[in-house]
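Chains as they are written, first to last, in the working numbering: chain A, 9 to 364; chain B, 95 to 314.
First up is the structure itself, then whatever we jot down about it.
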Ligand SMILES: [Zn+2]
Ligand SMILES: [Zn+2]
């Protein structure tokens, strides 16, 4: 497996299956860990960072933490590859963009269900991704990986503060549970602000597709916990699985029904306009594409469009991103060229879909 | 993007989508959920906590005073700022008061040299040398020992950042980890190893490396 082969399909988190996949795009769990005896990454010198990297390579790759692991040393990988990994949610922007010489790597599972960043903000940042609402499964997987690693490495851990992390906002369980939700109807009905407020009130963070601040593009919202100390992993998971996510799902479903019943013409207009533009436009920016894909996704989920399948839409969410576009075309492109290429890629993927 | 003109007749929030808001920020707009000043549902004190719960399409409002809100288990959250902002502000605040205290202590101790004074002791990590000011700037600690060095300041901060949580609850490493003393020792051994490599004393470095290996294994 290599990075090049990734670009013909979407990763695990955009596979478009899993429970509640009409609304829950993906479930993600991340654990932050540090190795005892070394300063945290920001205070470690190059030699110590190298040593941490070597230790992790030994226990993840040489001792086969999982069956098929792809180890990518980020110092000698091209910038485009690093951006591709960011777009696939396998590394953070920070990890991709650190100083060239900083010793750092990522270990990725072949199916992209897990990724372990080494020497990001903490020595180890591992994540497991699943499509749809599968937090329990994701937790079982990551917990098992953590147990395996912990039987070989000494983690920095204190009885009082739990797993010690560079930033005190992650200390304790070091866990970050997040779900990516597609909430087009709540956005269209103007109800989304209430979800934001309710989430904030429950100490949850709401971000966009790539973790950016306020405005979520493509109606995709990532909701994650911020509290990691004084609450167990199970409590945090239970909050998500039994309270937060089901309520938002129910709310979005109600909004979809309200649209169908009260504004069917306007709803269909949005959906079919999106399909028509995507099928025929010649120059397209990322944000516009994500917004149109969002409306089309809603249309497919509500059965208003039948000529497009979910997989095509989910793939397009990813393949139209800048690094993916350039990887597929095998050349680097200016933003202007990318807009043309993007429109052309979409047209070719949708050429068999009839406008209904 | 245009929004459908539907907001005048929106769907109701689902089952117990509970929202607790301070009255000033309570702005549910057109549905008429706007909260006006009123008395506590359970006593005559002014209500300071308002929540709206929708159960089976029926709207149930609660208006409670501080005391009754606490009894009902409605969390009291005065601060709505994003966590990072909160952290930065809080760290700054702490830093300032810590500095003041430090200056006072130094004055009291008169002739004591900076760096040796007991007033300084709590404010730079003895293992990695990170100062509290540096922590303030980046919001990042330097090593696991920093948690001990800055324990006092961190406790307040952690409490605010983690909804009152100050003690870890949850997963414990299977081997219960290496004891904290041993972690400190390990840190020191690695530091000596690093210094040995720096001064090109490879014999000492090799010996220390062996020591670390066996120390880590003995810790299991
Ligand atoms: Zn009362
Ligand atoms: Zn330190």
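Built from N, CA and C at the ideal position, the CB exists for glycine as well.
- The beta-bridge partner set that DSSP reports for residue 230 of chain A consists of A:188, A:215.
- Contact annotation, residue 299 of chain B with residue 287 of chain B: C-beta distance approximately 6 Å; criterion of less than 8 Å satisfied.
- For ligand 2, a non-hydrogen atom lies closer than 7 Å to the CB of residue 219 of chain B.
- For residue 283 of chain B, the enclosing alpha helix (DSSP H) stretches over residues 274 to 292.
- For chain A, the residues of the stretch 237 to 262 of chain B that bring a beta carbon within less than 7 Å of one of its beta carbons are 237, 238, 241, 248, 251, 252, 255, 256, 257, 258, 259, 260, 261, 262, in chain order.
- Within the same chain, 289, 290, 291, 292 come within 7 Å of residue 351 of chain A by CB-CB distance, once the 5 residues on both sides are set aside.
- Relative to residue 275 of chain A, the option among A:200, A:34, A:92, A:193 whose CA is nearest is A:193.
- Beta bridge pairing from DSSP links residue 225 of chain B with B:218.
- Interface annotation for the stretch 40 to 60 of chain A against chain B: 42, 44, 45, 46, 47, 48, 50, 51, 53, 55, 56, criterion Cβ-Cβ distance under 8 Å.
- Interface flag for residue 220 of chain B against chain A is unset, since no Cβ pair is found closer than 8 Å.
- Assigned with DSSP and collapsed to three states, residue 277 of chain A falls in helix.
- At a cut-off of 7 Å, the beta-carbon of residue 19 of chain A does not count as near ligand 2: no heavy atom of the ligand is closer than that.
- A contact is defined here as three or more CB-CB pairs under 8 Å, and the stretch 102 to 110 of chain A fails this definition with respect to the stretch 193 to 211 of chain A.
- For residue 122 of chain A, the enclosing beta strand (DSSP E) starts and ends at 122 to 126.
- Closer than 8 Å to the CB of residue 172 of chain A there is at least one CB belonging to chain B.
- With a cutoff of 7 Å, residue 299 of chain B does not count as near ligand 2, since its C-beta is closer than that to no heavy atom of the ligand.
- 8 Å or more divides the Cβ of residue 34 of chain A from the Cβ of residue 143 of chain A.
- For the pair residue 52 of chain A and residue 221 of chain B, the Cα-to-Cα distance works out to about 12 Å.
- With respect to chain B, the C-beta atom of residue 272 of chain A has no partner C-beta closer than 8 Å.
- Residue 231 of chain B is classed as exposed because its beta carbon has fewer than 16 other beta carbons within 10 Å across all chains shown.
- Proximity to residue 98 of chain A across A:155, A:277, A:79, A:111 peaks at A:79, based on C-alpha coordinates.
- Under the Cβ criterion of 8 Å, residue 301 of chain B is not counted among the residues facing chain A.
- Residue state for residue 56 of chain A is assigned as helix, using DSSP reduced to three classes.
- Here residue 113 of chain A is not near residue 77 of chain A, since their CB atoms are 8 Å or more apart.
- Taking the C-beta atoms as reference points, residue 141 of chain A is found nearer than 8 Å to residue 26 of chain A.
- The stretch 279 to 288 of chain A and the stretch 243 to 259 of chain A do not touch, with fewer than three beta-carbon pairs separated by less than 8 Å.
- Cα atoms of residue 168 of chain A and residue 244 of chain B: separation of roughly 14 Å, rounded to the nearest angstrom.
- The continuous alpha helix (DSSP H) containing residue 269 of chain A extends over residues 253 to 270.
- Short note on residue 123 of chain A: C-beta not closer than 7 Å to any heavy atom of ligand 2.
- Taking C-alpha positions only, residue 182 of chain A is separated from residue 165 of chain B by approximately 31 Å.
- Distance between residue 257 of chain A and residue 137 of chain A, taken at the CA atoms: about 19 Å.
- The DSSP-derived three-state label of residue 41 of chain A is strand.
- Cβ neighbours of residue 317 of chain A within its own chain (closer than 8 Å, five residues either side excluded): 308.
- Here the C-alpha atom of residue 85 of chain A lies approximately 10 Å from the C-alpha atom of residue 91 of chain A.
- When the beta-carbon positions are compared, residue 42 of chain A and residue 238 of chain B come within less than 8 Å of each other.
- When 9 Å is used as the limit between beta carbons, residue 239 of chain A is near these residues of chain B: 256, 257, 259, 263, 264, in chain order.
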